[in-house]
Structures are given as structure tokens and as C-alpha cells.
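So the protein sequences, as listed, match chains C and W.
Each residue of the first sequence is one higher than the last, beginning at 1 in full-length UniProt numbering.
Each residue of the second sequence is one higher than the last, beginning at 1 in full-length UniProt numbering.
Even for Gly, the Cβ is constructed at its ideal location relative to N, Cα and C.
Please read these numbers as outputs of a predicted model, since none were measured by experiment.
The block underneath contains the structure these notes are about, expressed in C-alpha cells.
Protein chains: 2
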Amino acid sequence: MTGDLYITRVRPMGEAATSLTVRGGRIAACGEVASPGVEVIDGGDAILIPGLVEAHTHLDKTLLGMGWYRNEVGPRLIDKIENERAEKKRLGIDPARQSARQAILSVSHGSTAIRSHVDVDTEIGLSGIEGVLRTSETYRDIVDIEIVAFPQSGMLIRPGTVELMEEALRLGAHVVGGLDPSAIDRDPKGHLDVIFRLAERFGVPVDIHLHEPAELGAFSMELIIERTRALSMQGKVTISHAFCLGMADQDYVASLIDSLAEARVHILTTAPASRPVPPVKRLVEAGVVVAAGSDGVRDTWGPYGNADMLERAVLVGLRNNFRRDDEVALALDTCTMGGARLMGLEDYGLAPGCKADLVLLDGETLAEAVVNRAPRRIVIKGGRVVARNGQALIEVA
Amino acid sequence: MTGDLYITRVRPMGEAATSLTVRGGRIAACGEVASPGVEVIDGGDAILIPGLVEAHTHLDKTLLGMGWYRNEVGPRLIDKIENERAEKKRLGIDPARQSARQAILSVSHGSTAIRSHVDVDTEIGLSGIEGVLRTSETYRDIVDIEIVAFPQSGMLIRPGTVELMEEALRLGAHVVGGLDPSAIDRDPKGHLDVIFRLAERFGVPVDIHLHEPAELGAFSMELIIERTRALSMQGKVTISHAFCLGMADQDYVASLIDSLAEARVHILTTAPASRPVPPVKRLVEAGVVVAAGSDGVRDTWGPYGNADMLERAVLVGLRNNFRRDDEVALALDTCTMGGARLMGLEDYGLAPGCKADLVLLDGETLAEAVVNRAPRRIVIKGGRVVARNGQALIEVA
């Protein structure tokens with residue numbers, strides 16, 4: 001396949017119907033006449049959007065396809081972390097196989113780019129990184145997978161982990177991950193200094209899980225912003241979860257949002273219903289990039305998740321009390337443009353010259369397409385059809 | 001149809017497979033041999049649960065099937081109420097037709113009983129009540145619909161509304177509704193005295209929308225509990241939404257929960273992600289009946305909702321941070337047993353003698369069936385199959 005297509009009757013972002021010419025895997029033009037011999041797809045008046053972006057998940061440890069996991073885990077964060085390390089061995093969770101399963105599920109739902117945090121610890125070593133790297137290579141033509149080296153079990157508290165993080169980056173991980181500098185690693189300065197030093201050495205972005213609540217999380221956020229400025233890493237740093245931005249002290253929240261915007265630190269939300277969350281509209285209005293992700297999909301942490309970024313847009317909308325059509329479109333934006341900006345995807349969008357990563361959605365308007373979550377009519381990656389009617393055209397190798 | 005069935009290979013509540021004999025619309029026995037000539041359904045090892053219960057919705061004003069409604073409504077509660085009254089006329093929302101559409105959608109998803117609040121106000125008068133009564137009569141063999149006379153636009157602040165509420169109850173509404181005694185009607189004592197007087201006169205239960213936050217809502221809740229006790233209406237009163245039970249003051253919440261349990265006042269949650277919510281597990285552990293509902297489905301208030309009570313169970317689970325299998329089963333329980341107890345449904349359940357209102361679900365366990373939300377395999381009402389594979393067998397008349 002050359003990545004040439006001619007798509008009739010599509011409505012870009014829900015606007016008036018037109019045709020789309022794709023040449024060499026990129027959008028060539030709208031409204032042209034079809035070239036002879038090129039594959040024609042009837043868009044059937046579907047809405048056309050750029051590929052959905054899954055900007056935060058854990059491909060290496062989903063239990064998809066492994067039979068139902070009966071969850072009897074205790075309530076604390078540390079219970080979940082320790083249970084998972086034990087279950088990885090017991091259940092034989094194969095990172096390559098499992099990441100392939102979830103990646104293909106994502107593609108079936110219209111995601112064309114994925115950022116996956118992948119566990120690095122002193123028990124499994126780099127097997128997670130190696131497995132997801134293999135998946136990213138095997139399926140490179142149907143989805144872009146970016147790998148974050150993620151010290152899930154803590155870093156400074158488990159000697160040997162920093163060296164494994166370095167090795168993960170040498171192997172090809174694209175981003176340095178971090179985790180609750182105070183709550184898990186018990187040393188916010190130490191944790192963040194190591195993370196940012198690795199980022200500087202390897203010239204890679206940073207993406208830190210920050211579950212710490214309220215004033216504790218806000219302190220960690222300040223430390224992250226300070227380092228982003230000091231190392232001129234504006235635009236290269238993401239704070240995932242950022243529950244502290246949902247805290248009660250609105251003056252403090254406002255000052256944090258200003259600092260995030262000024263230092264161009266991005267925010268990733270999974271819009272959990274049971275935790276305080278970053279206020280999406282206020283952040284976007286302040287100029288902060290906000291993206292969304294599924295977080296874990298069917299893993300030992302919890303049974304939910306289906307890797308469908310339209311469903312995630314619904315959850316972002318429900319969590320933020322988005323009811324108006326423009327608000328639902330903003331929820332979708334976190335799952336498209338916001339994710340693309342967070343991941344630094346080049347040539348993303350619907351303009352001529354952009355990569356032909358596209359999804360055709362059923363619906364009269366963008367908001368209807370989001371709330372309906374109908375099976376995606378067609379998903380296109382680099383000008384090739386990779387899924388139809390909710391089914392990926394490729395199976396796990 | 002006589003309501004006789006023989007269902008093979010079903011797993012009641014996910015337990016060991018058995019057969020189920022249905023005679024005259026009721027469950028006769030498990031594990032019997034089939035009688036000659038009776039219709040046999042192969043359960044295919046599906047999970048068997050009693051019919052789902054939609055315990056709080058607004059059948060009269062869904063916009064299902066009416067084209068996409070572009071929501072541009074303002075942020076305040078009163079904006080939504082006033083916008084809706086205007087749009088009812090402009091859009092021509094027909095309560096009979098619309099309630100039928102949603103009721104049939106509910107049936108397709110496995111709901112066999114619905115409590116619907118239905119607007120009563122001085123502009124539309126009783127047309128909502130009449131329309132939903134017509135639907136409840138027309139579709140009585142496929143779903144039980146209970147009607148709450150609901151003063152959506154306020155009661156005391158709009159003279160003439162109390163008389164319409166009385167008339168609604170005379171026409172056949174089954175429950176007296178109420179709404180934010182302080183925030184909307186500006187007179188908590190006055191509002192509740194009228195509501196409870198109507199309940200006493202007509203011998204009907206009470207179900208009050210209480211959106212009032214924190215200490216204000218808690219005060220209204222105390223007034224409701226006082227009247228429940230004084231009129232010996234234990235077990236006949238529901239507080240819907242009850243956001244005040246999600247407030248910060250945990251000692252106050254604990255004392256309210258004790259009082260609710262003692263007065264046998266039920267709680268209905270729609271588990272909204274953007275508001276404080278009643279803590280389901282604590283309430284259930286204290287002995288309070290907790291049920292769940294979709295609230296509005298695709299109306300002028302908001303675009304969400306699909307009348308699927310398995311999806312509602314997922315939202316209850318996500319909102320309450322339910323991760324363990326026993327917790328997900330509890331979320332489902334609010335959509336089955338909890339709803340049945342709230343509505344006072346007789347002979348509900350899977351025991352011999354119970355009405356044969358049944359749903360066959362795909363899944364290895366109850367938790368998997370909930371999170372998958374697969375199309376319902378079979379829905380049975382009074383011993384008759386009313387939906388298969390997610391499709392109702394009846395269309396809007």
C-alpha cells in the first residue's frame with residue numbers, strides 16, 4: 001500500500017461535507033477530484049477527526065484476554081503496588097503479548113498514537129520495556145507507541161532502580177517517568193533531581209505520576225516547575241493525574257495554573273470520578289496543554305477501562321460537568337489535539353501536509369459522536385485503513 | 001403467551017449453572033426437568049440476574065430520536081429549568097412518544113422496572129403525567145413504570161402547582177415528588193409540609209430531589225427524616241441525589257446516615273462524577289437502601305445517558321472507587337435489589353415464587369458482566385422474552 005486514498009463525503013470536525021485526498025500517507029487536499037486508480041472510500045457523511053491520542057496508559061500490564069481477574073486487593077496504594085508485583089509472576093503477564101492486545105484494541109477504537117508508562121523495577125528489570133519496545137516495532141505501521149520508563153515500585157527506595165531507568169533509556173525508552181516524589185520515594189528533592197538529570201543526559205521529556213493530594217502535591221508541582229525552568233525544559237514536561245489541582249484552596253490552584261502555563265508544563269488527566277481532578281476548562285483557558293488517557297485497562301489495579309478514547313472524552317465531560325456542545329468538543333480535544341501536543345506529535349491534524357491519521361465517526365455533531373461512542377466506522381493510519389466498524393484489521397501476531 | 005419457559009444452562013448471580021423453570025410468569029424452580037411442550041431457551045452459560053431497576057429517570061423529557069439538541073444553556077440550575085420550559089414548546093417534546101422511546105431503550109438494556117419523575121408545572125399542566133401514564137399502560141407487559149409527580153419548576157413559588165400535584169395524584173401518579181425545599185422553593189418547612197400532607201392524603205410514597213449542598217442539604221434532610229418519623233412513613237420515603245451526604249464534615253455525615261437508617265429513608269444516587277455523592281458502601285453497611293438511576297437521558301439538561309443500568313453500575317463503581325469484585329457486585333446491587341427495595345417491588349428476585357423478570361448477561365463473573373456492558377443476551381418480563389441481543393422485540397407503537 002502506498003498510503004494513497006480518496007475519501008468522499010466526510011465532514012471535517014463536523015463541518016460541511018467535502019472529499020479528502022491522501023497521498024503518500026499524508027493529507028494532500030480537500031475538495032479535489034479523485035486521481036484515476038486510487039482507492040476510494042465512501043465517507044457516508046461521517047465526521048472526520050484526526051486520530052485519537054491515548055496519552056497515558058500502561059500497555060505492559062493489562063490483563064486483556066487472560067480470563068477474569070478476581071480483584072481482592074487492599075485499599076492502600078502500596079497494597080496495589082505490592083499485589084501487582086506478586087501477580088505479575090503468578091499470572092505470567094507477558095508484556096509483549098499484553099501490550100499488543102491493548103494496542104490493537106486501541107486501534108480498533110481509533111487511537112493512532114499511544115504514550116505508555118512501562119514498569120521498571122528490580123524484580124522484573126527491563127522485561128516490560130523490552131516487551132513493549134517489541135510491540136511498538138511490530139505494529140509501527142498501525143500505531144505510534146511512545147514508551148515512558150516508569151519506576152512503579154519507587155526509585156530511590158529500591159536501590160538499583162536508577163541504573164535500570166538509565167538502561168531503559170539506552171534501550172530506547174522515549175521519556176523519563178517519575179512517581180510521587182514524597183509519598184512513595186520519601187525524598188522529593190532527591191527523586192526529582194535524579195529524574196531531571198536523566199532527562200538532561202538522554203535529551204528526553206519527563207512525565208511524572210503525581211497522585212499526591214492537595215498541599216503535598218502542590219509542593220511537588222512547584223519543585224517540578226522550578227526544575228523545568230532551570231533546565232529550559234519548557235514544553236517537555238508532563239504532570240500526570242495532578243490531583244492537587246482539584247484541591248479546595250482556589251487561590252493556590254490559580255497560582256499553580258499560572259506557573260504551569262508560564263513554564264509550559266502539560267497536564268494529563270484520566271478524569272477519575274472518585275478523586276479531585278485538574279479543572280480542564282480553567283487550565284485550557286490559561287493556555288496549559290491538557291491531554292487525557294485511559295490509565296490502566298483491566299489490570300490488577302482495577303477492572304475498568306476499555307481503551308476507548310471517546311469513552312474517555314465522556315468521562316472527562318462528566319467529571320468536569322461539561323454539558324454544552326462546545327464543552328463536549330473541548331473534552332474531545334483533550335483526546336485529540338491535547339494528546340498530540342503533549343506527545344509532541346509532528347504534522348498532526350487535518351490540514352494539508354499533516355499525516356493521514358484519521359477517524360470517521362458517526363454523528364450529527366462532534367458532541368453526538370462523543371456521547372454515542374458508536375463503533376468507529378473507519379480508522380486510518382498513515383493513509384492505510386487499519387480498522388473498520390470497530391474491528392482492527394490486524395490480529396495479535 | 002402464557003409466561004411459561006424452560007431456560008437451560010444459566011448461572012444465577014454467576015454461580016454454578018442450572019436450569020430455570022418459569023410457570024405463569026413466575027419462577028417455579030431451579031434444576032427441574034423440562035415439561036413437554038414448553039418453550040425452551042438455551043442460556044448458553046450466561047449469568048442470570050433479576051431485571052435491572054431504573055430507579056430515577058425523567059421519561060417525559062428525553063430527546064431520544066429527535067435529532068441532536070445543540071446545548072448552549074447557561075451554568076446555573078435555574079438556567080436549565082427555564083431553558084427546558086421554553087424548549088418543551090419550541091421543540092414539541094411529546095411526553096407519550098418520548099417516554100415510550102426511552103422505556104423501550106431501557107427494556108433493550110434489561111430494565112424491567114422504572115421509576116420516572118414527571119414534570120408538573122403551570123405551563124404544561126398535566127400533559128407530562130398523562131403522556132407517561134399512557135406509555136405505562138401501553139407497555140405494561142414489557143416494563144413496570146412508576147410515576148412521580150415532580151414539581152420541576154418549583155411548587156410554592158409558582159401558585160397553582162400544588163393543585164396540579166393533587167390532580168396528578170388523582171389521575172394515577174404513584175409517588176409525590178419534591179425539589180430543593182430551600183434552594184428552589186425558598187421555604188423548607190412550607191415545601192415539605194405540603195409534600196408530606198399530599199403523601200398522607202393519597203397514601204403514596206415520597207421521593208424528593210435534594211441537590212442542596214453540604215449543611216443546607218443536611219438541614220433539609222433532617223426535616224425530611226423528622227416528617228418521616230412523625231407520619232410513620234418509614235420505608236416510604238426516598239431522597240434522590242442527596243449530595244449533602246458527600247460533604248466534608250464526616251461526623252455530621254455519620255449522624256445523618258444513622259438517622260436515615262433508623263427512619264428507613266432510602267437514598268437514590270445517579271453517581272455524578274462532578275458533584276459530591278452519597279457514600280454507597282457506608283450507607284449500605286449502615287442498613288440504608290441505596291438504589292441507582294440514569295437521571296435525565298439526552299435532554300435539554302445534558303447530552304449524556306443511555307438508560308443502560310449496567311453502565312450506571314460502572315459509574316457508581318468509578319465514583320465510589322469500587323475496584324474489588326465484591327465492590328463491583330455491590331454497585332450492581334444498587335441497580336437491582338436496591339432499586340427493587342426502593343420502589344417496593346413485590347416478589348422481586350431469583351427465588352421460587354418471584355416474578356420472572358430476568359436478564360441473561362455475558363461474563364465469567366458478575367464484575368466482568370458489569371464492566372463489559374455487552375448487549376444483553378435475553379431480557380424476560382413476566383416470563384416472556386422482551387429483548388434479545390440488545391434489541392427490544394417491540395417498537396414504539
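Look at residue 211(C) here: in three-state DSSP terms it is coil, with no helix or strand label.
Under the Cβ distance rule, residue 38(C) does not count among the residues neighbouring chain W, no pair being separated by less than 7 Å. A residue is called buried once 16 or more other Cβ atoms fall within 10 Å of its Cβ, and residue 170(C), having fewer, is exposed.
At the C-beta level, residue 229(W) and residue 263(W) come within 7 Å of one another. Of all residues in the segment 316-331 of chain W, only 317, 318, 319, 320, 321, 322, 323, 324, 325, 326, 327 and 328 place a beta-carbon less than 9 Å from a beta-carbon of chain C. Among the CB atoms of chain C, none fall inside 7 Å of the CB of residue 57(W). In this structure, residue 390(C) lies near residue 375(C), with their beta-carbon atoms less than 7 Å apart. Against chain C, the beta carbon of residue 84(W) has no neighbour under 8 Å; the closest one sits roughly 12 Å away. Between residue 275(C) and residue 222(W), the alpha-carbon positions lie close to 28 Å from each other. According to the DSSP assignment, residue 162(C) belongs to the alpha helix (DSSP H) that extends over 161-171. Proximity of residue 389(W) to chain C, defined by a Cβ-Cβ separation below 7 Å, is not satisfied. For residue 188(C), no chain W residue has a Cβ inside 7 Å of its Cβ, as the nearest lies near 26 Å away. Residue 338(W) is positioned such that its CB atom lies no closer than 7 Å to that of residue 286(W). Within the same chain, and ignoring the five residues on either side of residue 10(W) in sequence, the residues whose Cβ sits closer than 8 Å to its Cβ are 17, 18, 19, 20, 43, 45, 46, 47, 48 and 360. The closest CA to that of residue 122(W), considering only 113(W), 157(W) and 80(W), is found on 157(W).
When Cβ pairs closer than 8 Å are counted between the two stretches, the segment 49-65 of chain C is seen to touch the segment 92-100 of chain C, the count reaching three or more. The Cβ atoms of residue 105(C) and residue 271(C) lie no closer than 7 Å to each other.
At a cut-off of 7 Å between beta carbons, residue 287(W) makes no contact with chain C. Close to residue 290(C), with beta-carbon spacing below 7 Å, lies no residue of chain W; the smallest spacing is near 16 Å. Listed in chain order, the non-local C-beta contacts of residue 35(W) below 8 Å within the same chain comprise 4, 6 and 21, local neighbours out to five positions each way being set aside. Scanning its chain for C-beta atoms nearer than 8 Å, with the 5 sequence neighbours on each side dropped, one finds around residue 328(C) the residues 313, 317, 322, 366, 367, 370 and 371, in chain order. Neighbourhood of residue 368(W) in chain C, by CB distance below 7 Å: 68, in chain order. Residue 166(C) does not reach chain W, its nearest Cβ partner there being about 33 Å away, counting only Cβ pairs nearer than 7 Å.
Neighbours of residue 18(C) in chain W, taken as residues whose beta carbon is under 7 Å from its own, are absent, since the nearest beta carbon is some 20 Å off. Leaving aside the five residues that flank residue 81(W) on each side, the residues in its chain whose CB is nearer than 7 Å to its CB run, in chain order, 152 and 153. Beta-bridge annotation (DSSP): residue 266(C) is paired with 238(C). Measuring C-alpha to C-alpha distances from residue 319(C) to each of 350(C), 249(C), 258(C) and 243(C) identifies 243(C) as the nearest. For residue 125(W), same chain residues with a beta-carbon under 8 Å away, outside a window of 5 residues either side, are 164 in chain order.
Distance from the CA of residue 279(W) to the CA of residue 326(C), rounded to the nearest whole angstrom, comes to 32 Å.
Under the three-state reduction of DSSP, residue 219(C) is assigned to helix. Within the DSSP secondary-structure output, residue 49(C) pairs in a beta bridge with 359(C). Less than 7 Å separates the beta-carbon of residue 379(C) from that of residue 110(C).
The three-state reading of DSSP puts residue 323(W) in coil, since its state is none of H, G, I, E or B.
CA-to-CA, the gap between residue 181(C) and residue 208(C) works out to about 9 Å. When the five nearest sequence neighbours on each side are left out, the beta carbons in the same chain lying within less than 7 Å of the beta carbon of residue 83(W) are those of 73 and 300, in order along the chain. Of 29(W), 2(W), 304(W) and 107(W), the smallest CA-CA separation from residue 37(W) is found for 2(W).
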